[in-house]
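In structure tokens form, the structure reads like this:
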């Protein structure tokens, strides 16, 4: 007989619910494996109660299962929170069958097989992982796990923010670099200049002598006026200033010019500053007239050398007319002021394919009285679309700086007019007359041939030999300018005619004027030892600062003798010298009434070593002081030494060439280089070279007529032509060719030269221009034996021995061949163009001829 409890269990009531375990209902509670069996509500009184039964397996296979009951009212046991979802069945009204609970019907809506299978597979794929994660989160390790998750998320957020920030910072710096056209690689100590499209123009390797393990400090926050500011503690300081402006060049084009002024300042007395410029990406031009000059400079090699004038023409780097300016084919210029104790190297063994600037306190720069001098280095880098724009810009900038200096140093006898930089000066009537005469005849060196009277031409220098020399020139119809060498002077520095040589100087001057000649005299800054100025140790000359004795050097006009040197650094001495020249030589009534002077300047290599004027470190500052005095003279001027071309109204002469083919080939690069530096009138020296009478000519004839003719064919189309005697001596064939060339010069070239000279006075464009002047033509950058006269004439002389043909490059356009008398389309090379010995190839820009009908 069954008990009541058993009957209750075997007879379910209407409200009884039966929980059937699912296939995966096995779980664990507190580490004990359990199986959910039956759950139902049973209460005769109608109140509901919830019971949970757990079936616990025995500890041994033979043990019986134990049924545990846990009554918790209407709440489920917390130990069953992790059980699987169960299907709820409800007893039908007939009390014999079971049905699915109403609240669960919606969960068991019958779906198609393929949907059920997809849902089950999907559920099975993520449910176990999710359940494990859920179990771990509610375990005792959950706080630590949540902390790790939060830290990881924050880490990834920070990394993302850093990457995004760096990306946008890089973009900002890149855009800023493109706008400013400069980018700095601090880790490599490299500065890159770029064009408006981001293409590289120039690389500068800066601070080469600064150890790499010393990092710089960015000091731009202190000085916002600098685009770059770096400071190496206790060593040196670098600042870079930025400027940009639109400039109207000689072609009437407005081009932006961007400039950067670099300034290094050392904190140590004897440190060395060094920056190097990569030469491999551009063609380089500039420097001036130096020994071994190349066009372009890329093929030139110079070890570390002081950048000063040098009279020793056999030295590795020597020249009398130099300029601290370089031009790059990509539209870049670099300029260094005279105040920097500059050494340079070009393609040296230590720095191949580089131009290096080195600044250090070392001879020949003055160091004796500059114990407190701290080494510094300055240079300016300017960028533009083309080189012609940069050259014009550099010229006008130099003119503005000159006018500003003059305005700041106006003497009391001078006054400003109309609030401008024009100056009204108190001068004598004769001085004003001569100035007007010079301004009205500024083309004198273009129109006339310069005739030399050096010791090789006139060994016996007397008034009679000079007159005979002039008569010989006149007989061939070749008048010009007579340049008397230093033997005209009684004593060097006195500015008096040598009465032992010239019986009546004023008569000679009048005779030469009547024959159609102009007269120039050679003077210098030297004073002869026999002069009373030296004997009395006058302050007019350089004196030893302690002993107050004259400092001596070689005479510039005669280096076999020793002379004293006028102290032009004293403004009073400069005015005294200028007054003496005007009174003794230029005055029409009381002086010799000559037409011009040639000033034989002094190079720094001939200046006494132990002087220090005006606290300046550069000995070439003396040349600048001297030339400023000479340029003020109201007459035609020629110079042999110069370091600055601003406001130059005369000609400069290159150092004397030897009488050989190599020297002939060096003339065009020097003339082109000096033209870029701002010297429009360049005298290439005597036709045939300085050894014309020893190597090129014997007693009766020219041993190398070919060299002389090719030399003449080149020089005849340069601004200044200087001859030592009638061309070819008495060779009528040479004279005939020379007269034909001079006629050609007068008809075709002088108008173009005068127009170019006017353009120089306005914009600074040279008369003799490189082949790349009008356009940045890659084929034209390496041509060193052709040139433009103005913008419309091309000259292509023969400069190689034994050749009667050469290759000629014509830029784009139409050109008239003056030898073949035909019009040729440009933009191409003409190979093996025939040039006979009596001809010179030149082409004139023109329009194409209309087709024949």
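Numbering (UniProt numbering), first residue to last: 1 to 853. Every residue gets a Cβ at the ideal spot worked out from N, C-alpha and C, and that includes glycine. Source: prediction; values computed, not measured.
| Query | Result |
| --- | --- |
| From the DSSP output, in three-state form, read off residue 308 for me. | coil |
| Could you check if residue 361 is buried or exposed, using at least 16 other CB atoms within 10 Å of its CB as the buried criterion? | buried |
| Measuring only the C-alpha atoms, how far is residue 282 from residue 666? | 22 Å |
| Out of curiosity, what's the CA-to-CA distance linking residue 203 and residue 190? | 7 Å |
| In angstroms with no decimal places, state the Cα-to-Cα distance between residue 265 and residue 653. | 37 Å |
| Which class does residue 621 belong to by DSSP, given the choice of helix, strand or coil? | helix |
| Which stretch, first to last residue, makes up the beta strand (DSSP E) that contains residue 343? | 342 to 346 |
| If we count Cβ pairs, one from each stretch, closer than 8 Å, do we get three or more for the segment 793 to 809 versus the segment 821 to 840? | yes |
| Per DSSP, which one or two residues make a beta bridge with residue 846? | 814 |
| What does a CB cutoff of less than 7 Å around residue 822 pick up in its chain, not counting 5 residues either side in sequence? | none |
| Based on the DSSP secondary-structure assignment, which residues constitute the bridge partners of residue 184? | 191 |
| Can you round the beta-carbon distance between residue 752 and residue 792 to whole angstroms, since I take them to be within the 8 Å contact cut? | 6 Å |
| Which whole-angstrom value is the C-beta distance of residue 195 and residue 181, which I expect to be below 8 Å? | 7 Å |
| Should residue 163 be labelled buried (16 or more other beta-carbon atoms within 10 Å of its own) or exposed? | exposed |
| Please name the residue, chosen from 797, 845, 844 and 810, that lies closest to residue 836 on a Cα-to-Cα basis. | 797 |
| In or out: residue 847 buried (at least 16 other Cβ within 10 Å) or exposed? | exposed |
| Could you tell me which residues DSSP puts in a beta bridge with residue 203? | 192 |
| Which of the three DSSP states, helix, strand or coil, is assigned to residue 227? | strand |
| So, residue 285 versus residue 673, is the Cβ gap smaller than 8 Å? | yes |
| How many angstroms separate the CA atom of residue 188 from the CA atom of residue 643? | 35 Å |
| Measuring straight from C-alpha to C-alpha, what distance separates residue 854 and residue 839? | The requested residue 854 does not occur in the structure, where the chain is confined to residues 1 to 853. |
| Could you give the first and the last residue of the continuous beta strand (DSSP E) run that contains residue 564? | 562 to 565 |
| Just verifying my parser: in three-state terms, what is the DSSP assignment at residue 833? | strand |
| Among the residues of its own chain, which have a CB less than 6 Å from the CB of residue 229, if the five just before and after it don't count? | 219, 220, 223 and 239 |
| Would you list, in sequence order, the uninterrupted alpha helix (DSSP H) runs of no fewer than 4 residues that lie entirely inside the segment 496 to 559? | 505 to 514 and 532 to 535 |
| Considering only residues of the same chain and omitting the five flanking positions on each side of residue 770, which have a CB-CB separation below 6 Å? | 672 |
| Tell me residue 768's beta-bridge partners as DSSP assigns them. | 789 |
| Taking its Cβ as the centre, do 16 or more other Cβ atoms sit within 10 Å of residue 590, making it buried, or is it exposed? | exposed |
| Using only CA atoms, which one of 518, 565 and 183 lies nearest to residue 593? | 518 |
| Can you list, in chain order, the residues of its chain with a C-beta nearer than 7 Å to that of residue 656? Leave out the 5 residues immediately preceding and following it. | 685 and 690 |
| Enumerate in chain order the residues of its own chain whose CB-to-CB distance from residue 893 is below 6 Å, with the five nearest sequence positions on each side excluded. | Missing from the structure shown is residue 893; the chain here goes from 1 to 853 and no further. |
| Have a look at residue 634 and residue 457 and give me their C-alpha separation to the nearest angstrom. | 29 Å |
| Helix, strand or coil for residue 795 per DSSP? | strand |
| Between the alpha carbons of residue 562 and residue 609, how many angstroms are there, rounded? | 15 Å |
| Can you tell me which residues form a DSSP beta bridge with residue 376? | 265 |
| Once the 5 residues before and after residue 465 are set aside, which same chain residues still bring their CB inside 8 Å of it? | 458 |
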